[in-house]
Amino acid sequence: MTTVQTQAPTHQELYFEVLQYYARQMRMLDDRDLAGYAKTFTDDAEFDHGAGGEPMRTRAGILRGLEEFHEQFETDPQQRRHHFSMVDVQPQDDGSLRTSCYALVLLVRPGQAPEIRSSCVVSDVLVREGDQLLNRSRHVTIDGRHG
Amino acid sequence: MTTVQTQAPTHQELYFEVLQYYARQMRMLDDRDLAGYAKTFTDDAEFDHGAGGEPMRTRAGILRGLEEFHEQFETDPQQRRHHFSMVDVQPQDDGSLRTSCYALVLLVRPGQAPEIRSSCVVSDVLVREGDQLLNRSRHVTIDGRHG
Amino acid sequence: MTTVQTQAPTHQELYFEVLQYYARQMRMLDDRDLAGYAKTFTDDAEFDHGAGGEPMRTRAGILRGLEEFHEQFETDPQQRRHHFSMVDVQPQDDGSLRTSCYALVLLVRPGQAPEIRSSCVVSDVLVREGDQLLNRSRHVTIDGRHG
């Protein structure tokens, strides 16, 4: 009798999946699809953006927090771009992934040269729901802020 | 009877291939190997660099356009570096790939600090000819330009 | 009779491994874990950081060179971030890897905006010892320095 089993993804497969996930996730944020971005967090997720204050909690809470934060862009139009790089993926025994990467946040105001808004380290816990990855948590530290 | 089939590449395999392809393609451009760069486009390719004007068309037309554009660097020596990141790869049913990524264009003049020339979004259609990928089209939008 | 062989890793597997390796290697440097970073070089490695002078040689020599270089940061606190991108991996017949990538070196001083310190091209020879990659050599060229 043969039992067909779904093989656990290899470290390599998970690595590419994370790169692909981040590309789509952060594009949603930069395109200001806040609802889409919030949906990349689990219902019980925690998100600490590193700029001070309590972490945002729950998907609904994260969406509210994002909407408040993005209000400033109504009167100060700008394109933000989150470039993630140097991604480290550490698969955990429970199937979750601990990941860490650098983030360069670029800001472009109409007609102006791009500026680097911040240099950050992003530490995530990613889990699988159905066939896709979601953030169970995200903790951001911003370089130079607590120096 | 067993039929040996070449399996279609997985999303993950394609993702890796695109990263490797971009590294070599853009290195050619930054090294000013314009002929090499032009050869990464199909004969009937279309390339819109986002700075205005009609898109360049055909491989020969793209090479001419690149040569004209690069003439300015003869009197203003500079090293440009195209950093692609946040690559999103969407395999299509016809075997082509729709990809999208961020591009950070860096410029370094001799003895000066690097500056960010532009922040762009690159949207490509990649096709396979023989065993390698080529650009059937490339459309670039430059952040802040139409703000 | 079937001979079970360990298959040589594919280009794709090597590519992923290099990305993962760089993420951890450069994080050690940016976290100023100089001993950890030096251990990513082979005993007989050569490291030319591109800023002039003789290349550093041997793992012990590299560690000494790094310690001297990092002394300046004691009186000028700063967070450096090495962003590698556009990684090109060329597997060699002897099992080593020739890799090349761009490096963007960011510097953040406490309370200040991030600045781009340098734009570099990194050329490595990576070899496998046991089950991990190590640098047998690293040669860095800094854009604009010899313009």
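First to last, the sequence lines map onto chains A, B and C.
Sequential numbering from 5 applies to the first sequence in my numbering.
Sequential numbering from 5 applies to the second sequence in my numbering.
Sequential numbering from 5 applies to the third sequence in my numbering.
Don't be surprised by glycine CBs; every beta carbon is placed ideally from N, CA and C.
Asked: C-alpha distance - V91(C) paired with H74(C), whole-angstrom precision; Found: 26 Å
Asked: C-beta neighbour in chain C for R85(A), strict 9 Å; Found: no
Asked: Inside the segment 63-87 of chain A only - alpha helix (DSSP H) runs reaching at least 4 residues; Found: 63-74 and 76-79
Asked: Alpha-carbon spacing of A49(B) relative to T103(B), whole angstroms; Found: 15 Å
Asked: Cut-off 8 Å between Cβ atoms - residues of its own chain near E71(B), not counting five sequence neighbours on either side; Found: L38
Asked: Extent of the continuous alpha helix (DSSP H) to which R113(C) belongs; Found: Counting along the chain, R113(C) falls outside any alpha helix (DSSP H), and DSSP gives it neither H nor E.
Asked: DSSP three-state assignment for H143(B), whether helix, strand or coil; Found: strand
Asked: For E17(C), three-class secondary structure by DSSP; Found: helix
Asked: Residue-level contact to chain A via CB, G115(C), 9 Å cutoff; Found: yes
Asked: Sequence-distant residues of its chain with Cβ nearer than 7 Å to D47(A) (five each side left out); Found: T62 and R63
Asked: Whole-angstrom distance between V131(B) and N139(B), CA atom to CA atom; Found: 6 Å
Asked: S100(C) versus V129(C) - alpha carbon distance; Found: 7 Å
Asked: Pairwise C-alpha distance: V109(A) and G69(A); Found: 19 Å
Asked: Cβ shell of L23(C) (< 7 Å), same chain only, five flanking positions each side left out; Found: V91
Asked: Per-residue DSSP class, three states only, for A55(C); Found: coil
Asked: Residues of its chain near E119(B), where Cβ-Cβ distance is below 6 Å and the 5 sequence neighbours each way are ignored; Found: L111
Asked: Chain-ordered chain B contacts of Y19(C) [CB-CB under 8 Å]; Found: F20, L23 and Q24
Asked: Separation of F77(C) from R142(C), as counted between CA atoms; Found: 23 Å
Asked: Identified DSSP bridge partners for R132(C); Found: L137(C)
Asked: R31(B) at chain C interface by Cβ criterion, 9 Å; Found: yes
Asked: Backbone CA spacing between D135(B) and Y25(B) [nearest angstrom]; Found: 12 Å
Asked: Test item: CB-CB of D1(B) and Q83(B) under 9 Å; Found: Residue 1(B) is absent from the structure shown; chain B starts at 5 and stops at 151.
Asked: Interface partners of M60(A) on chain C, CB under 9 Å; Found: By Cβ distance, chain C contributes nothing, its closest Cβ being about 24 Å from M60(A), past 9 Å.
Asked: Coil, strand or helix - D47(A) by DSSP; Found: strand
Asked: Neighbour flag for L130(C) against chain B, beta carbons, 9 Å; Found: no
Asked: I66(A) versus M60(A) - alpha carbon distance; Found: 5 Å
Asked: Beta bridge counterpart(s) of D98(C) as assigned by DSSP; Found: Answer by DSSP bridge pairing: none, since D98(C) is not bridged.
Asked: Paired residues, beta bridge with Y106(C) - DSSP; Found: S89(C) and V125(C)
Asked: Residue burial classification, E21(B) (beta-carbon count within 10 angstroms, cutoff 16); Found: buried
Asked: Residue-level contact to chain C via CB, F77(B), 9 Å cutoff; Found: no
Asked: Spatial distance of H15(C) from Q94(C) (CA atoms); Found: 8 Å
Asked: Bridge partners - R61(C), DSSP secondary structure assignment; Found: E50(C)
Asked: Inter-residue CB distance, S123(C) and D147(C) (contact presumed, cutoff 8 Å); Found: 4 Å
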